[in-house]
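A.B. asks:
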Amino acid sequence: MAASVAEDAQGPGSTGPNHGLRIFLIWLPIAVAADLLLYFVYGPHMPPGQMSNSAQSQQFDIKVMSVLAAPVMAFVLVFMAYSVIVWRHREGDDEDGPAIFGHARIQATWITVTAVIVLFLASFGTYELAWPGFAGAGAGEGPSPIWKPDGAPLQVQVIAQQWRFTYRYPQFGGFETTNLMLPVGEPIQFNVTSLDVIHSFWAYQLGVKADANPGVNNVAYTTARQTGNVTVRCDELCGLWHGAMFDYGKVVSVAAFKTWAQTTEVQLAAITKMLPPYSTTYDPTVVPQMSKAMVKAGLVGGNGYYYPPNDPVQP
Amino acid sequence: MAIETQPDRAQGAGGGQPLGRSGARPWWRRPAIHTAIVGAVIGYLLGHLLGDYLTGATGAANQYPNVPLSDSEDWPIVLGYVFAIVGWLAGLGVFNDIFRQMIGRPAAYNGNGQHEDGGLAKYFRYSLDHKVVGLQYLVGMIIYFCTAGLFAMAIRTELLSPVHHVFTSQVYVEIVGEHGTMMMMLMSSVILGPFGNYLIPLMIGAKRVAFPRVEALSFWLTPMAFLILLSGLLLGGFPFGWTGYAPLSIQSTVGADSYAVAFGLMGVSMILAGFNIIVTVICYRAPGMRWSRLPMFCWAMVTTSFLMVLAAPVLVGGMYMLLMDRTAQTAFFASRLGGSSYLYENLFWFFGHPEVYILALPGFGIVSEIIPVMCRKPLFAYKVAGAGMVGVGLLSFFVWQHHLFDSGINPDMRPLFMLTTELISIPTGFIYLVALGTFWKAKIRFTVPMLFALGMYFNFLIGGVSGVFLSDVPADTTEHGSFFVMAHFHYTIMGGLIFAFMGGLYYWLPKMMGIKLNTTLGKWQFWLMFISFNSTFLPLFAVGMAGQPRRVFEYALNLQPLNDWVSISSFVLGFSILLFVINFVWSTVFVRERATANPWQSRGLEWQVASPPPAENFDQIPVVLSGPYDYGVKDAQPVADLHPPAGVLSAAISQSAATRAEA
Numbered sequence: 018m019a020a021s022v023a024e025d026a027q028g029p030g031s032t033g034p035n036h037g038l039r040i041f042l043i044w045l046p047i048a049v050a051a052d053l054l055l056y057f058v059y060g061p062h063m064p065p066g067q068m069s070n071s072a073q074s075q076q077f078d079i080k081v082m083s084v085l086a087a088p089v090m091a092f093v094l095v096f097m098a099y100s101v102i103v104w105r106h107r108e109g110d111d112e113d114g115p116a117i118f119g120h121a122r123i124q125a126t127w128i129t130v131t132a133v134i135v136l137f138l139a140s141f142g143t144y145e146l147a148w149p150g151f152a153g154a155g156a157g158e159g160p161s162p163i164w165k166p167d168g169a170p171l172q173v174q175v176i177a178q179q180w181r182f183t184y185r186y187p188q189f190g191g192f193e194t195t196n197l198m199l200p201v202g203e204p205i206q207f208n209v210t211s212l213d214v215i216h217s218f219w220a221y222q223l224g225v226k227a228d229a230n231p232g233v234n235n236v237a238y239t240t241a242r243q244t245g246n247v248t249v250r251c252d253e254l255c256g257l258w259h260g261a262m263f264d265y266g267k268v269v270s271v272a273a274f275k276t277w278a279q280t281t282e283v284q285l286a287a288i289t290k291m292l293p294p295y296s297t298t299y300d301p302t303v304v305p306q307m308s309k310a311m312v313k314a315g316l317v318g319g320n321g322y323y324y325p326p327n328d329p330v331q332p
Numbered sequence: 162m163a164i165e166t167q168p169d170r171a172q173g174a175g176g177g178q179p180l181g182r183s184g185a186r187p188w189w190r191r192p193a194i195h196t197a198i199v200g201a202v203i204g205y206l207l208g209h210l211l212g213d214y215l216t217g218a219t220g221a222a223n224q225y226p227n228v229p230l231s232d233s234e235d236w237p238i239v240l241g242y243v244f245a246i247v248g249w250l251a252g253l254g255v256f257n258d259i260f261r262q263m264i265g266r267p268a269a270y271n272g273n274g275q276h277e278d279g280g281l282a283k284y285f286r287y288s289l290d291h292k293v294v295g296l297q298y299l300v301g302m303i304i305y306f307c308t309a310g311l312f313a314m315a316i317r318t319e320l321l322s323p324v325h326h327v328f329t330s331q332v333y334v335e336i337v338g339e340h341g342t343m344m345m346m347l348m349s350s351v352i353l354g355p356f357g358n359y360l361i362p363l364m365i366g367a368k369r370v371a372f373p374r375v376e377a378l379s380f381w382l383t384p385m386a387f388l389i390l391l392s393g394l395l396l397g398g399f400p401f402g403w404t405g406y407a408p409l410s411i412q413s414t415v416g417a418d419s420y421a422v423a424f425g426l427m428g429v430s431m432i433l434a435g436f437n438i439i440v441t442v443i444c445y446r447a448p449g450m451r452w453s454r455l456p457m458f459c460w461a462m463v464t465t466s467f468l469m470v471l472a473a474p475v476l477v478g479g480m481y482m483l484l485m486d487r488t489a490q491t492a493f494f495a496s497r498l499g500g501s502s503y504l505y506e507n508l509f510w511f512f513g514h515p516e517v518y519i520l521a522l523p524g525f526g527i528v529s530e531i532i533p534v535m536c537r538k539p540l541f542a543y544k545v546a547g548a549g550m551v552g553v554g555l556l557s558f559f560v561w562q563h564h565l566f567d568s569g570i571n572p573d574m575r576p577l578f579m580l581t582t583e584l585i586s587i588p589t590g591f592i593y594l595v596a597l598g599t600f601w602k603a604k605i606r607f608t609v610p611m612l613f614a615l616g617m618y619f620n621f622l623i624g625g626v627s628g629v630f631l632s633d634v635p636a637d638t639t640e641h642g643s644f645f646v647m648a649h650f651h652y653t654i655m656g657g658l659i660f661a662f663m664g665g666l667y668y669w670l671p672k673m674m675g676i677k678l679n680t681t682l683g684k685w686q687f688w689l690m691f692i693s694f695n696s697t698f699l700p701l702f703a704v705g706m707a708g709q710p711r712r713v714f715e716y717a718l719n720l721q722p723l724n725d726w727v728s729i730s731s732f733v734l735g736f737s738i739l740l741f742v743i744n745f746v747w748s749t750v751f752v753r754e755r756a757t758a759n760p761w762q763s764r765g766l767e768w769q770v771a772s773p774p775p776a777e778n779f780d781q782i783p784v785v786l787s788g789p790y791d792y793g794v795k796d797a798q799p800v801a802d803l804h805p806p807a808g809v810l811s812a813a814i815s816q817s818a819a820t821r822a823e824a
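Each protein sequence line maps, in turn, to chains A and B. With the first sequence counted from 1, adding 17 to any position gets you this note's numbering. With the second sequence counted from 1, adding 161 to any position gets you this note's numbering.
#1: Could you give the uninterrupted runs of the alpha helix (DSSP H) lying entirely in the stretch 512–537 of chain B, keeping only those of 4 residues or more?
#2: Is the Cβ of Gly657(B) closer than 7 Å to any Cβ of chain A?
#3: Given this structure, state the Cα-to-Cα distance separating Cys459(B) from Glu767(B), to the nearest angstrom.
#4: Going by the DSSP bridge assignment, what does Gln174(A) pair with across the sheet?
#5: Whole-angstrom Cβ separation of Phe587(B) and Ala220(A), contact assumed at under 8 Å?
#6: By the 8 Å beta-carbon criterion, what residues does the stretch 702–736 of chain B contribute toward chain A?
#7: So with CB distances below 8 Å, who are the chain B contacts of Asn230(A)?
#8: So which residues on chain A does Phe607(B) lean against when the C-beta distance must stay under 8 Å?
#9: Chain B beta carbons: is any one of them nearer than 7 Å to that of Ala48(A)?
#10: Using 8 Å as the Cβ pair cut-off and three pairs as the minimum, do the stretch 51–67 of chain A and the stretch 77–89 of chain A touch?
#11: Determine, using beta carbons only, whether Met574(B) comes closer than 7 Å to chain A.
#12: With DSSP as the reference, please indicate the residues paired to Thr404(B) in a beta bridge.
#13: Below 7 Å CB to CB, which residues in the same chain sit around Ala197(B) once its five sequence neighbours on both sides are set aside?
#14: Please confirm whether Phe96(A) has its beta-carbon closer than 7 Å to some beta-carbon of chain B.
#15: Classify Ser231(B) as helix, strand or coil using the three-state DSSP reduction.
#16: Return helix, strand or coil for Gly642(B), following the three-state DSSP convention.
#17: Counting only the same chain and skipping the five closest in sequence on each side, list residues whose C-beta sits under 7 Å from that of Gly808(B).
#18: Interface residues of chain B around Gly114(A) at Cβ under 8 Å?
#19: Are Pro170(A) and Gln222(A) closer than 7 Å when you measure CB to CB?
#20: Should Leu508(B) go down as buried or exposed, given a rule of 16 or more other Cβ atoms within 10 Å for buried?
#21: Determine the burial state of Tyr305(B): buried for a count of at least 16 other Cβ atoms within 10 Å of its Cβ, exposed for fewer.
#22: Would you say Ser696(B) lies against chain A (beta-carbon separation less than 7 Å)?
#23: With a threshold of 7 Å between beta carbons, is Asp633(B) in contact with chain A?
#24: According to DSSP, Ile605(B) sits in a beta bridge with which residue or residues?
#25: Going by C-alpha to C-alpha distance, which of Phe467(B), Leu666(B), Pro722(B), Ile246(B) sits closest to Val528(B)?
#26: I want to verify the contact list: residues of chain B whose CB lies under 7 Å from the CB of Tyr221(A), in sequence order.
#27: For Leu390(B), which residues in chain A fall below 9 Å Cβ to Cβ?
#28: If you measure beta-carbon to beta-carbon, which residues of the stretch 116–130 of chain A are closer than 8 Å to chain B?
#29: Quick one: which residues of the stretch 246–270 of chain A get their C-beta closer than 9 Å to a C-beta of chain B? List them in chain order.
#30: Starting from Asp78(A), find everything on chain B with Cβ-Cβ shorter than 7 Å and list it in chain order.
#31: Is there at least one Cβ from chain B nearer than 7 Å to Gln75(A)'s Cβ?
#32: Thinking C-alpha only, which one of Trp452(B), Thr582(B), Thr757(B), Gly642(B) is nearest Pro515(B)?
#33: Using a Cβ cut-off of 8 Å, pull out every chain A residue sitting near Ile587(B), in sequence order please.
#34: How would you list, in chain order, the residues of chain B whose beta-carbon sits under 7 Å from the beta-carbon of Thr143(A)?
#35: For Arg39(A), which of helix, strand or coil comes out of DSSP?
#36: Find out if the Cβ-Cβ distance for the pair Met579(B), Ser632(B) is shorter than 7 Å.
Spelled out as structure tokens, the structure:
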């Protein structure tokens, strides 16, 4: 793209060296080398890796955009470097430069080329977002998602509160745990919600990021491709201990996950009974059966409420 | 054509003074900053007492149920701030003329030929001279910038280690909030305030701005916004950064009131400043100053002003609703009472995205002004440059939800916002077309302003391209809320706006003060700042991509080497700013080397008058004869006829009136 611009810039009737061609010849190897390195050498290692299909989609997008961006940046930088070296002011030369007010063809080319790149990127991004293989690319899609994976995904509820994530597994009796355990190769649906302020659930290696809004169920999909550890961090400033709001999840084989889920369901059965019934959102100030159960169990901090029922003061 | 109907009479003095009998009184009896401080303190005490009375803390009849709410503590603070603002303005003498007219006496300032007397004292008064206001803004902005910069140093100090902490988490989030908010709200006027107010009348050939009182008021609100924001530290700070997302901001302790009042107040200041610039440029251009001859800096200022006037009211509204939620128990943003936290996010970013272009466009304007002069060539593709500014300004209102891609709000609208966000890179790219075209076969002089302009183009390229990565939803899912975003907007704002500001300062200070800044120190500052800036923020893209969220004080151990590198670079960056402050103070206070009238051989109209400009800018309203960028044009006409023969103006006016009558 920059080639045509550079050649046009030569303009008709100019004298002296062909600056446009020179800039083009400097730019071309740099752009080609940068693109090859970015796509083939650095590309497979780009963040956030390939642990899930959504991470894969993000890595692919970053890769494609890097490949498009590198030549553009290289063109501007080569042009600027060439200008400051070749067209610098020489001692004793007090004449003004040539009075060039514009060049219709170059302007039109520039606008066309940038418009084509931009429109390509927009349609590429939309395709990546909507393609069922990536199913919303791991981003939070709100309570009624439109881009979903095929089949019935495993439901994992992420409950964020200051400054902890807990997880509920509704398909296993709705037990609540601080351990995030996920099966490999199966579509997973995260239902992300918050009990107090806005948090954001960021499972880095899985390429999942969804804001946890109070009173809202924010859905995100992913399918893990490999087993391994997952870092979970809060990605939205949520108060004093935002920086310490992180934990680690694990992606394990389907069989190991089933065993773990069923064992934990049995282990936690007594506590699960005390929890409010599974729901997409929770209101921490109005959980009567929970406070009753907690009072019975001797846990009466805050009168059985997380906060006083009026406007809560931040602890 | 915007020809004044009676140019010689309508445009009176460039300055004035609210108190007519000014010379008669000693300085301490005239309203100035010291009376303003007294007014603010009295106002705060009154407001605080009123708040205490309303909430029953003074023992009077309690109007609200006495429950342990943060709200009952918020009333005295908020009312204290509001009354302090009123007291501050009253102490400054802002209302004096209004009251004089109310009781039937003539206003002290009538727009004719009253000028500031006295040397430094006028800079501490409510002066109506746009040149005084410009310099007030300049010094104010440098103070605000350095204060917020110190907070940044503190952040980087804490991030030297993920396990050993310098600050508690409480202090750390306070610092993060103060740094972000102070930079984002006060730096919105860093170029429009000093350079816009000072130079626009000079650039368009006017003797004054359209609304001197509004302009002066817009400045005198900024110290109050700054102090109120800082006072938040005394109240325990606010733990929610510059975005102030509800419900965190509703739940926070009283420090959050300082955030909402200060940010809302700065919104008002932006609206006022914007209106003044818009009307000045539209209505006060000299004859012959067609839109096609308007300097690119004026285009940038007009576009910025439109963004301010259209976006800031949304901020003021949002902050008002936030304060109501915090004090009067409304529930705009509390989802369990029928409100929505999304509403706040929408309001905030509907302001917040134009805001970042309020920060970017002035930088484009300054570099577009510097490069033709230093390249000795006309600005390449003038119309494209103007279209770029207007295009960016227009599109900036249609992109705000790209800040909320992962929030679950309107997921089906994301492709639209992805499209608009990527479209905005087309007009932004125009700025580069203009630059590269201007460099083509130029004779580039590496003066300090030109170095800063080149640095700005380099930095903004990285900032702009990384912005395209953020506009793509899948890629944004990795990058959102991480240090990648942080690096991106520091490249556009610090690398773009502040580099352009520095360039503009070295370029225009000889005009504004008649004093040259030291060139050697300037070059040192540039190279130190340029290298350490890139060394600070380039690694942060990698840090963000590696999974470090913003505003954390603990991070993964394996990221410590990179974070340490960044912290040390940032200290060097801080030192380069210190060099600037030293240069600024040294050159303007101690050395005071007189600048020649037109040190850059610029064709700009502002350079055609003496430096610093005379009290009324121009003896007569000039007649503009040609464009400001006609370098290298053989037999180019001078920019303007500064002493048009008598009768020329009236002839032109009657002619245009006749054309209008025919139309």
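Cβ atoms here follow ideal geometry from the backbone N, Cα and C, with glycine treated the same way.
C.D. replies: Taking the structure as given:
#1: none
#2: For Gly657(B), the answer is no, since every Cβ of chain A falls outside 7 Å of its Cβ.
#3: 12 Å
#4: Arg185(A), Asn208(A)
#5: A quick correction: the sequence has Ile, not Phe, at residue 587(B). The C-beta separation of Ile587(B) from Ala220(A) comes to about 35 Å, leaving the pair out of contact by the 8 Å criterion.
#6: Contact annotation: in the stretch 702–736 of chain B, residues whose CB is within less than 8 Å of a CB in chain A are Met706, Ala707, Gly708, Pro710, Arg711, Arg712, Val713, Phe714, Glu715, Tyr716, Ala717.
#7: Near Asn230(A) (Cβ distances below 8 Å), the residues of chain B are Ser496, Ser502, Tyr503, Ser568, Gly569.
#8: Close to Phe607(B), with beta-carbon spacing below 8 Å, are these residues of chain A in chain order: Val101, Arg105, His106.
#9: no
#10: yes
#11: no
#12: Note: Thr404(B) sits in no beta bridge, so no partner.
#13: Trp249, Gly252, Leu253
#14: yes
#15: With a pLDDT of 44 at Ser231(B), under the threshold of 50, the modelled position of this residue cannot be trusted; read the value that follows with caution. Three-state DSSP puts Ser231(B) in a helix.
#16: Reduced to three states, the DSSP call for Gly642(B) is coil.
#17: none
#18: Cys536, Arg537, Lys538, Lys602, Ala603, Lys604, Tyr792, Gly793
#19: no
#20: buried
#21: Counting Cβ neighbours within 10 Å, Tyr305(B) comes out buried, since at least 16 surround it.
#22: For Ser696(B), the answer is no, since every Cβ of chain A falls outside 7 Å of its Cβ.
#23: yes
#24: Arg105(A)
#25: Looking at the Cα atoms, Leu666(B) is the closest of the given residues.
#26: Gly708
#27: Going along chain A, no residue has its Cβ under 9 Å from Leu390(B), so there is no contact; the nearest lies around 17 Å.
#28: Correct list: Ala116, Ile117, Phe118, Gly119, His120, Ile123, Gln124, Trp127, Ile128.
#29: Thr248, Arg250, Cys251, Asp252, Glu253, Leu254, Cys255, Gly256, Leu257, Trp258, His259, Gly260, Ala261, Met262, Phe263
#30: The contacting residues are Asp633, Pro635, Ala636.
#31: yes
#32: Thr582(B)
#33: Ile128, Thr131, Ala132, Val135
#34: Pro576, Met579
#35: It is helical.
#36: It is a contact, given that the beta carbons lie within the stated cut-off.
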